[in-house]
Amino acid sequence: VPAAPPAPLGCDDPESVAAAEAAVNYINANSHHGFKFTINRIGDIRVVPQGPNNDIIFLELDLLETKCPILSPTPLANCTVRSFAEHAVEGDCDVKLQKVNGTLSVLASKCNSHADSGEDIRKLCPDCPLLAKLNNTEVLETVAAALNAYNSKTTDSYLRLLEIGRAKIQYHPAHTVVAEFAVGATNCSAEEAKANAGACQLLPEDQSNFGFCTAVMVKRPSQDLQVDCQLYGHQVPAPHVPLPSQDTS
Amino acid sequence: SVAKRAVAEAAQHDKVPRPVGFVPPPPPCPGKIRHFDI
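Here the protein sequences come in this chain order: A and B. Sequence positions in the first sequence follow the numbering used here and run 1 to 249. Sequence positions in the second sequence follow the numbering used here and run 250 to 287.
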């Protein structure tokens with residue numbers, strides 16, 4: 001009598017969790033925008049045996065955005081998940097992996113991310129500020145003013161904007177714009193940049209020095225601008241092990 | 250001769266009596282929520 005097929009893997013089984021962690025590490029390592037994501041729930045797992053010690057694994061993952069920018073060297077385990085009231089962003093990913101002799105590798109992944117609905121936030125927290133569009137005029141003005149203010153005070157390298165990661169605008173009790181953005185060090189000092197900022201280029205990858213800034217612009221009742229930037233220092237890029245026929249979108 | 254018993258009847262007789270307080274195992278998927286449900 002043929003042996004009974006193995007019971008289907010449960011989504012919280014250790015093998016499923018190991019596959020999900022390999023998938024989310026791959027997704028974060030191959031993303032170049034926004035913030036790191038972490039596992040909120042393993043939605044489904046399907047294993048298709050290919051032969052002895054060789055399985056194809058299909059995973060459905062529910063992810064949540066963390067507060068760690070994608071370029072931050074902070075380990076994912078130390079990254080705080082953005083709370084619901086802070087206007088969480090969730091990711092839905094379908095990932096195809098292969099497990100050969102116990103070694104997992106990602107063959108393909110496809111993810112969509114979206115902020116939670118503003119109505120849901122408002123039901124729970126009427127006064128919580130919601131995410132603003134990244135091309136909002138007030139957001140763009142705040143980022144430009146904050147970067148100018150930082151560069152005018154720093155004695156280090158002149159920083160250039162890489163991307164705006166997140167922004168919120170609050171109208172009560174004060175009219176406040178909060179913007180979070182990624183920056184890169186350039187080949188100029190802040191002093192040199194005063195003469196000709198246009199000539200300042202981002203450092204080449206082998207010397208790159210990225211960072212992240214948070215700016216808070218209070219517009220009413222009185223004008224105030226606070227900006228805090230943290231540079232990560234030069235990160236030796238992780239050796240990129242090319243995987244066979246990988247496709248990520 | 251083998252008489253084929255009606256399924257319902259067979260099921261009735263074969264139904265394994267469940268111990269009191271039997272809790273069916275949770276469905277294998279989806280897994281547990283680690284942070285919060287959106």
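All residues carry an ideal CB built from backbone N, CA and C; glycine is no exception. Model, not experiment: these values are computed from the prediction.
Rounded to the nearest whole angstrom, the CA to CA distance from A/Asp224 to A/Lys168 is 16 Å. Assigned with DSSP and collapsed to three states, A/Gln230 falls in strand. With respect to chain B, the C-beta atom of A/Asp116 has a partner C-beta closer than 8 Å. Here the alpha carbon of A/Thr80 sits roughly 5 Å from the alpha carbon of A/Thr66. Of all residues in the segment 21-52 of chain A, only Ile39, Asn40, Arg41, Ile42, Gly43, Asp44 and Ile45 place a beta-carbon less than 7 Å from a beta-carbon of chain B. Annotated three-state conformation of A/Phe58 is strand, per DSSP. Closer than 8 Å to the CB of A/Ala85 there is not a single CB belonging to chain B. One alpha carbon belongs to A/Pro69, the other to A/Gly51, and they sit about 40 Å apart. In this structure, the CA atom of B/Gly280 is about 22 Å from the CA atom of A/Pro5. At a cut-off of 8 Å between beta carbons, B/Pro277 contacts chain A.
Interface residue (Cβ-Cβ distance to chain A less than 8 Å): B/Gly280 is classified as such.
Within the segment 28-116 of chain A, no run of alpha helix (DSSP H) at least 4 residues long lies entirely inside it. Close CB contacts of A/Arg46 within its chain, under the 6 Å cut and outside five residues either way in sequence, are with Phe58 (chain order).
Runs of the alpha helix (DSSP H) lying entirely within the segment 127-208 of chain A, each at least 4 residues long, are 137-153 and 190-196 in chain order.
Judged by DSSP secondary structure, A/Gly211 falls within the beta strand (DSSP E) whose first and last residues are Phe210 to Arg220. Your pair A/Asp62 and A/Gly43 checks out as a contact, with CB atoms roughly 5 Å apart and the cut at 8 Å. The contact set of A/Ala88 on chain B, defined by CB atoms closer than 7 Å, consists of Ile287 in chain order. Taking a C-beta distance under 8 Å as the contact criterion, A/Ser72 and A/Tyr171 do not qualify as a contact pair. Here DSSP, grouped into helix, strand and coil, assigns A/Asp120 to helix. What A/Val143 touches in chain B, judged by beta-carbon distance under 7 Å, is nothing: the nearest beta carbon there is about 28 Å away.
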